[in-house]
Ligand code: C2E
Ligand code: MG
Ligand code: MG
Ligand code: MG
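Numbering (UniProt numbering), first residue to last: 497 to 777.
Printed below as a string of structure tokens:
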């Protein structure tokens, strides 16, 4: 009906907005169903230590196996989940599924790995450490197997409270990494105040290396700062051999990206680990 009023732009725009909120509502309803019916699953992307060629970790990335639409990537539903608050339930599911998987890998005698789970700001509340402790207990998972990826946006509010929460998590033996590093707005001083072990250089910087001199400068600065502050550093979204060579000269410790492997189903990840324990790039 909006369209019938002619194309004065405004009617058309509000029609678009209605369509968007309808899409969102549909996704939200679908997500509730997905949680109940077990349509969510995790894929795992290996993290490779450059010097040894060993897989030292895996990032768990949520997927939605939609009955009609097939595999839906998180970019299409995480924002809706964040807005609706459903992300807390989804996040709980992801945390437990990752712990269960890690426990299976431990039982299968896989070498110790950090299985990393992405956290949303809405999960980063005072109850989190208790939840994580219960999960580790329930699944008898050594805390060294679990890593939590947080983003700079979570560090901006009430530093004292954030530090307390991080200290509790680190006290359990879980490690924290700072995802998409370099894209947020917060100050660098949190690097010395917060108990963060690893910096993940955002893919947008890696993308331009080694051709773009600005991206090279940013990447090299982050790596050297990380080293001086005794943080581990990993580059995400590594796609080419030239990028690997560049990162190696800078002494970047770990990489994650399509050059080595995309995110894999748990089965394919295990097969990869079985077939060749080390990979020299
Ligand atoms: P992220 O945490 O920064 O995850 C890395 C993303 O980069 C993943 O996209 C991964 O598939 C993609 N990627 C890895 N290597 C390459 C590469 O070489 N080239 C390119 N072009 N891309 C690469 P994915 O799986 O679509 O996830 C997107 C984002 O969704 C994640 O970004 C994260 O912010 C969010 N996300 C995924 N799973 C979860 C989850 O369980 N909870 C929460 N809160 N967020 C999640
Ligand atoms: Mg991540
Ligand atoms: Mg990332
Ligand atoms: Mg990123």
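We put the beta carbon where it would ideally sit given N, CA and C, even for glycine. On a predicted model such as this, the values are computed, not experimentally measured, just so you know.
Residues sharing a beta bridge with residue i, DSSP
{"i": "residue 565", "result": "For residue 565, which the question treats as bridged, DSSP gives no partner whatsoever."}
{"i": "residue 440", "result": "No information on residue 440 is available, as it lies outside the stretch 497 to 777 that the chain covers here."}
{"i": "residue 696", "result": "730"}
{"i": "residue 750", "result": "545 and 730"}
{"i": "residue 601", "result": "According to DSSP, residue 601 bridges with nothing at all."}
{"i": "residue 760", "result": "540"}
{"i": "residue 667", "result": "In DSSP, residue 667 forms no bridge with anything."}
{"i": "residue 611", "result": "554 and 642"}
Candidates the options: closest to residue i by CA position
{"i": "residue 776", "options": "587, 739 and 546", "result": "546"}
{"i": "residue 661", "options": "683, 691 and 700", "result": "691"}
{"i": "residue 557", "options": "663, 627, 511 and 765", "result": "765"}
{"i": "residue 719", "options": "744, 659 and 565", "result": "744"}
{"i": "residue 699", "options": "636, 543, 655 and 734", "result": "734"}
{"i": "residue 773", "options": "569, 570 and 605", "result": "605"}
{"i": "residue 603", "options": "619, 636, 625 and 620", "result": "636"}
{"i": "residue 552", "options": "763, 717 and 728", "result": "728"}
{"i": "residue 693", "options": "663, 600, 597 and 583", "result": "663"}
{"i": "residue 713", "options": "536, 678 and 683", "result": "678"}
{"i": "residue 631", "options": "536, 687 and 599", "result": "599"}
{"i": "residue 742", "options": "711, 762 and 685", "result": "711"}
{"i": "residue 653", "options": "620, 641, 754 and 550", "result": "620"}
{"i": "residue 701", "options": "717, 555 and 633", "result": "717"}
{"i": "residue 566", "options": "535, 555, 586 and 549", "result": "535"}
{"i": "residue 569", "options": "516, 550 and 539", "result": "539"}
Beta carbon of residue i nearer than 8 Å to that of residue j
{"i": "residue 730", "j": "residue 715", "result": "no"}
{"i": "residue 639", "j": "residue 669", "result": "yes"}
{"i": "residue 542", "j": "residue 746", "result": "no"}
{"i": "residue 752", "j": "residue 771", "result": "no"}
{"i": "residue 618", "j": "residue 578", "result": "yes"}
{"i": "residue 484", "j": "residue 544", "result": "Residue 484 is absent from the structure shown; the chain starts at 497 and stops at 777."}
{"i": "residue 665", "j": "residue 628", "result": "yes"}
{"i": "residue 537", "j": "residue 595", "result": "no"}
{"i": "residue 634", "j": "residue 659", "result": "no"}
Beta carbon proximity, residue i to chain B, threshold 8 Å
{"i": "residue 657", "result": "Of the protein chains in this structure there is only one, and it is not chain B."}
| query | How about the segment 595-610 and the segment 645-652: do they share at least three Cβ pairs that are nearer than 8 Å? | reply | no
| Inter-stretch contact (C-beta, 8 Å, three-pair minimum) for the segment 613-624 and the segment 582-597 | yes
| field | Within 6 Å of ligand 2: residues by beta-carbon to any heavy atom | value | 555, 614, 645 and 675
| request: Give a yes or no on contact between the segment 757-775 and the segment 714-726, applying the rule of three or more CB pairs nearer than 8 Å. | output: no
| said: For the segment 555-565 against the segment 528-538, do three or more pairs of beta-carbon atoms, one drawn from each stretch, fall closer than 8 Å, so that the two count as touching? | reply: yes
| query | Should the segment 637-646 be called in touch with the segment 660-676, which here means at least 3 C-beta pairs below 8 Å? | reply | yes
| task | Would you check if the segment 693-707 and the segment 738-748 touch, i.e. whether three or more CB-CB distances between them fall below 8 Å? | result | yes
| query | Touching or not, the segment 511-529 and the segment 565-585, by the rule of three or more beta carbon pairs under 8 Å? | reply | yes
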